[in-house]
Each structure stands twice: as structure tokens, then as C-alpha cells.
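I have placed the structure first, in the form of C-alpha cells, so that the comments after it can refer back to it.
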Amino acid sequence: MFTHFTFLDAGIVGFYLLLTIIAGLAVRKYVGKVEHYLVAGREMNLYLGIASLAATEFGIVTCMYTAQNGFKMGFAGATPGILQTIAMLVVGITGFCIKPLRDAGVMTIPELFEKRFGPTIRWLAGVVIVLGGLLNMGVFLRTGGEFLLLTAGFDPQAFAQSYHLEIMMTILLVIVALYTVLGGMLSVLVTDFLQFIIMSLSMLVVTVLIFAKIGWTPLVEAVQKHHGPAGFNPFLMERGWEFVLFNLCLQFAVVLTWQAVIQRILSAKSTKTGKQIYMHTSFFFTARFLIPGLWGIAALATLAPEQIGGNTLYAMPKFLSTFLPTGLMGILIAGMLAADMSTDSAYMLTWGGVIYNDILAPFRRKKQWSEKKGVLINRFIVGCIGMFLLFYGLWYPLKGNLWDYLGVTGTIYLSSMSVLLIACCYWKDANNWGAMGAIILGALFPIGFLVLQQLPATAEWAQHVGPYKSGIASYIASGTAMIIGSLLKKFLVKKKEPSY
Amino acid sequence: MSYFWLLLAIFCIVWYSTMTFYVGVRGFFDIKEMLLALKSDETSSIKEE
């Protein structure tokens, strides 16, 4: 396959990697307590918070699914980004849920739940968060590896039969794990900052080049030809209303409870800083869908169907592999590596933080662990997550749209956690019966959908139902369970202390 | 409808370029401030012990 990737590009990538490792390892000496390791001692200020949130929430996997959305849905594929901007702006301005959460001084969301719903719900919420989060993150590595190899000009058939992808993924993960394990949130923040700059520059340069070389009109014509009016208006798409409604629920839930996002609020210097981070970063979420979406549309406009093959996920990297000149190719790959590494490191730390803080909480009740032991256990957990990612990422066969998979796995916990958080902050009658029902029903629909999708006997039926209906059902069921469960306990059980 | 997406795309590029530059400069000072605060926190913890 023809490519512009040369030794100059490889040099740029190598230099970037070296810089990241040095920066990531340099700050590990500042980690003395668990609070430093998990939330950077709550010393993160506004601009570092913006850079970190943007870098964390944009990985290669983001670039791949947003470009796939652009390729398969046209401009309408950027709708989830616009919805997330609205959600972040609303929550940032009003402080809805995030204000009481930050004011509570907790390190994770389940920790707040314990104050209202008791230790069992804290533990269960931790399990559901980790389950949904790790399944979600499981596809990051393989997708990232596929992007890098395709953009560098490797043939998909060739890397399916060799171990290039696996070797590259392992090296990447080892580098990320190295500085995350040692430096925790501090390393994540410093490398996120570096990665934000490199990633943003590469994204902007590539997009401007697409405008200059291909132009706007061919992009519009390609969308019109392949998707018609539905390529511009999401409501005209097949299952358009379902798509918009599911994404609206999903984006509000992400903004309120996605642990990787919330961790920036919890690490912020103050509640006001946290709210400002949300407001100032809100428009980034439109950009993160629209910019790679334009790359996907450019692939639609310039590549013949035989060049793309059967997998629409590969269209954008295949387009970039021949479109970008030498030098710029290296900057893009360094930028995308930056994007991927910042996401992987932050996510590993995030889920690791929940495992330590909430799932292992019962083991700390009798005797508190020392700070040194706490940091050591956190490092061990992050290392274990790295191992899980490596193996899960290798064998899970992804079916259907990548964004849909991420939406469904995320919903396993997003639906119930958003319901629990809202109820915890604003409904005085909410209790542990309602919380338990919300967690179980919230996870049931998306997990059921994933299982049915993988079984040959039910795959067709799952396809017919689609990911949006199961996702919407999960939010409705979770909310209903919280109301019914809480009211049932209120009327059936006599109040005694402590009441959850 | 295509004009809506054109305007949004142009705004995205302009806004993102500005944000990258501004956050790039101010974020650097935030890191410096954060590390200094953590260093003083560490020093005071040692003194307390």
C-alpha cells in the first residue's frame, strides 16, 4: 500500500514519545499521598483542567468513531457532539449535581452515594462503574492500533496475519502504564497538557489541509449523493428520533457521571473552577465530533468503494495514509498517539481509582491503610487494568458501529449512576431500595443487548431492536426503579437509624 | 442546511485554534503552580511528622 510515512515521520513520533515519557516520569516524586495519586491533591487549576479534560476525552478511538459517523451518516453524525456541548454548558452554568458532588469533597461518585444510600450501594455502584468502564475501554487499544497501522500504510490483511498490531499495542500500553502507575493523576495531568497541544495542532493542520486541497463543495456533494437530506438533518435518518433521544440521555449522563470527566471536577481547586472547566470545554465536544467527522466525509468524497473494503471504520485512516504529505504524517501520528495515550492513562487511573476507593472500601473499614500502602495498591491496580486491556482488546470481536458499542457499554452504568446522582442530590425520599433497583435495571438492558448481539440465535433480533431502543429503555427503567423502590421502602419499612 | 454545517465547521476551527494557543500558554503556568503547591504540602507534612 502506498504511504507517505518516512523516516522523518518516524523521527517525529519517536521524539514525541521520548518527551512524554520524560515529562510523565519527572513528576512522580511529588506523589506522597493517595489524594495526590488520584486527584492531584485537588490543586488543578482552570487551564490545566481544560487541557486535561479535552485530551482525555479525545483518543484515537474517538477519532475513529466520529470519522465513521461522518462517513456513514454525513454531517448529521456530529449530532452527539452538539448535544454534549449543550449538556456541558447547562451543567457548567447551573452546577447541576456537580456542585453538591464537588462540595462533598469525595474522590469518586460512589463515595458520595455511601453518605445517602449506605455502604452496599457504594460497593455495587463501584462494581457497575468499573464493569461498564472497562468494557467500554476494552476496544480502545485495538482500534488505536488499527488506525496507526492503516495511516502508516500497512495493509489490513497483512496485519491481521502478523503480530504488528499486538506488538505495537503492547509497547504503547507499557509506556502509558509506566508513567501512570508511577505518577498517577500528576503524570496524567502533565502528559495530558503536552498531548493536548500536539493533538490539537495536528487536528487543526489536517482539517485546514482538507479544506485547502479538497474544498467544501465536494464534501457537501458527497454527503448529498450518499445520504441525501438525512446526511444534514439527524431527524431524517433511519431511526433518527431514537438516535437523537438516546444520545441526549447519554450525553447528559456522561457529563454528570462519566468518572473520567467527573474526576476533573473532583481534582479542581474549587467548585467554581470545576464549573468553569465545564463551560470553557463545552464547545470542544462539538469540535471533537465535527473535525474527525469531516475527515470521514473527505474519505467518502475521495475514496472508491473498493479502496475502503467492507469496514467503514478503516475509511478515514486509509484516506489519511495517502492524503497527507511526509512530515505532516509524522505530526498526525504523534498527535493521535498523544490523544490515545492521554485517554488510556486517564481511564486506567479513573477505573483504578474506583476499584481502590469503592470496591476495596470494605477491606479498609476495620483498619485504615497507610498512605504509602494506599499508593502502592493503587499502582498495582492500574497495572492490572493494563493487563486486562491487553487481553480483552485482543479477543473481543466488535460488531456494528463503534459509537453504538461505546454508547451501549457506557450505558451499563451511566443510566443508573445519573439517576442515583440526581436522586442523591435533589430527592429527599430517595433510598437504598430505589438505588438498588436502579442499578440492576440500568445494567440489565445494555448487558442483555450485548449478549443477544453476540449469540447467533438472537443476533438478528438484537439487530432489529437496535442499540438506541435498549439504551433509552435502560434510562427509563432505571429512573422508574428509583422512584418505585424508594416509595415502596418509605411506605413498607418503619424508619430506624441509620436510614439509607 | 449545508450552510449551518459550514459555519459550524469554520467556527470550530477558529475557536479551537484560539483555545489551543491560550490554554497552551496559561496551562503551563497552572502546572508550575500545582507542583509548587504540592511541594509545599509535602514539606509541611514532613514538618508535622
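These protein sequence lines are chains A and B, in that order.
In terms of numbering that gives the first Met the number 0, the first sequence opens at residue 0 and continues consecutively.
In terms of numbering that gives the first Met the number 0, the second sequence opens at residue 0 and continues consecutively.
Ideal Cβ positions, reconstructed from N, Cα and C, are used throughout, including at glycine.
My assumption, with CB atoms under 8 Å, is that residue i sits in contact with residue j. Please give the rounded CB distance.
i        : j        : result
Phe448/A : Ala434/A : Actually they are not in contact, since the Cβ atoms of Phe448/A and Ala434/A sit about 23 Å apart, beyond 8 Å.
Val173/A : Gly23/A  : Rounded, the Cβ-Cβ distance is 12 Å, inconsistent with contact.
Met33/B  : Ala39/A  : 7 Å
Gly80/A  : Leu289/A : 6 Å
Thr107/A : Gln258/A : 7 Å
Ile276/A : Leu45/A  : 6 Å
Asp8/A   : Met335/A : 12 Å between Cβ atoms; not a contact.
Val254/A : Met87/A  : 5 Å
Ala25/A  : Phe195/A : Contact doesn't hold; Cβ gap of about 18 Å is too wide.
Tyr36/A  : Ala333/A : Going by Cβ atoms, the distance from Tyr36/A to Ala333/A rounds to 28 Å, so no, they are not a contact pair.
Phe70/A  : Thr311/A : 5 Å
What does residue i reach in chain B if we use C-beta pairs closer than 8 Å?
i        : result
Leu200/A : Thr19
Tyr29/A  : Leu34, Leu37, Lys38, Glu41
Val26/A  : Leu34
Thr285/A : Leu7, Cys11
Leu203/A : Ile12, Tyr15, Ser16, Thr19
Phe322/A : By Cβ distance, chain B contributes nothing, its closest Cβ being about 18 Å from Phe322/A, past 8 Å.
Of the choices the options, whose alpha-carbon is the least far from that of residue i?
i        : options                                : result
Ala66/A  : Ala480/A, Lys317/A, Cys383/A           : Lys317/A
Pro445/A : Thr272/A, Met340/A, Val127/A           : Val127/A
Asn356/A : Arg121/A, Thr206/A, Gly436/A, Gly334/A : Arg121/A
Thr408/A : Leu388/A, Gly137/A, Glu56/A            : Gly137/A
Met43/A  : Arg287/A, Tyr412/A, Arg263/A           : Arg263/A
Val33/A  : Ser469/A, Val381/A, Glu370/A           : Glu370/A
Ile354/A : Ser161/A, Gly13/A, Cys383/A            : Cys383/A
Thr301/A : Glu459/A, Thr321/A, Ser344/A           : Thr321/A
Leu401/A : Thr342/A, Pro466/A, Tyr178/A           : Pro466/A
Leu413/A : Leu247/A, Ala54/A, Gln223/A, Phe14/A   : Leu247/A
Met198/A : Thr55/A, Phe387/A, Gly484/A            : Thr55/A
Ser39/B  : Val30/A, Leu45/A, Leu37/A              : Val30/A
Phe74/A  : Ile376/A, Trp294/A, Thr342/A           : Trp294/A
Asp403/A : Phe6/A, Ile166/A, Asn68/A, Arg27/A     : Asn68/A
Ala103/A : Ser269/A, Trp257/A, His279/A           : Ser269/A
Val464/A : Phe387/A, Gln452/A, Pro361/A           : Gln452/A
Gly351/A : Val90/A, Gly125/A, Gln83/A, Leu100/A   : Gly125/A
Gly406/A : Thr19/A, Leu134/A, Leu17/A             : Leu134/A
Leu389/A : Thr216/A, Arg141/A, Ala297/A, Arg115/A : Arg141/A
Lys212/A : Arg115/A, Asp154/A, Thr179/A, Leu319/A : Leu319/A
Phe210/A : Ala8/B, Tyr2/B, Tyr15/B                : Ala8/B
Between which two residues does the alpha helix (DSSP H) containing residue i stretch?
i        : result
Ala75/A  : First-last for Ala75/A: undefined, no H or E at that position.
Gly406/A : 401-425
Ile264/A : 258-266
Trp368/A : Taken as a continuous stretch (DSSP letters only), Trp368/A belongs to no alpha helix (DSSP H), as it is neither H nor E.
Ser473/A : 458-491
Val187/A : 163-212
Met0/B   : No alpha helix (DSSP H) contains Met0/B, which DSSP labels as neither H nor E.
Ala54/A  : 45-55
Pro228/A : Pro228/A -> no alpha helix (DSSP H), and no H or E assigned at all.
Lys32/A  : First-last for Lys32/A: undefined, no H or E at that position.
Met435/A : 431-453
Ala25/A  : 6-25
Met500/A : Past the edges of chain A, shown from 0 to 499, lies residue 500/A, and the structure says nothing about it.
Kindly list, in the order they appear in chain B, the residues whose Cβ is closer than 9 Å to that of residue i.
i        : result
Ile196/A : Thr19, Val22, Gly23, Gly26
Trp232/A : The sequence shown places Asn at residue 232/A, not Trp. Chain B residues near Asn232/A: Met0.
Leu289/A : Trp4, Leu7, Ala8, Cys11
Val243/A : Here the premise fails: no neighbours, minimum Cβ distance about 15 Å.
Could you work out which residues of chain A lie near residue i, taking near to mean beta carbons separated by less than 9 Å?
i      : result
Leu6/B : The contacting residues do not exist; Leu6/B stays about 11 Å from chain A at best.
Consider the C-beta atom of residue i and the heavy atoms of the ligand PLP; say whether any pair is separated by less than 7 Å.
i        : result
Asp428/A : Looking at this structure, you won't find the ligand PLP or any other ligand, since it has none at all.
So residue i contacts chain B; which residues on that side make the cut at Cβ distance below 7 Å?
i        : result
Thr206/A : Ile12
Phe139/A : Neighbours of Phe139/A on chain B: none; closest Cβ ~23 Å, over 7 Å.
Val219/A : Ser1
Phe74/A  : Trp4
Leu82/A  : The contacting residues do not exist; Leu82/A stays about 14 Å from chain B at best.
Trp215/A : Leu5
Val189/A : Ile30
Leu293/A : Ala8
Phe192/A : Gly26, Ile30
Phe282/A : Trp14
At a Cβ cut of 9 Å, what residues of the stretch 35-52 of chain A count as close to chain D, listed as they run along the chain?
No chain D is present in this structure, whose protein chains are A and B.
At which residue ranges does the stretch 79-140 of chain A contain complete alpha helix (DSSP H) runs of 4 or more residues, listed in the order of the chain?
97-102, 108-116, 118-136
Which ranges does the alpha helix (DSSP H) cover as unbroken runs of at least 4 residues, wholly within the stretch 287-360 of chain A, from first to last along the chain?
304-307, 314-322, 327-353
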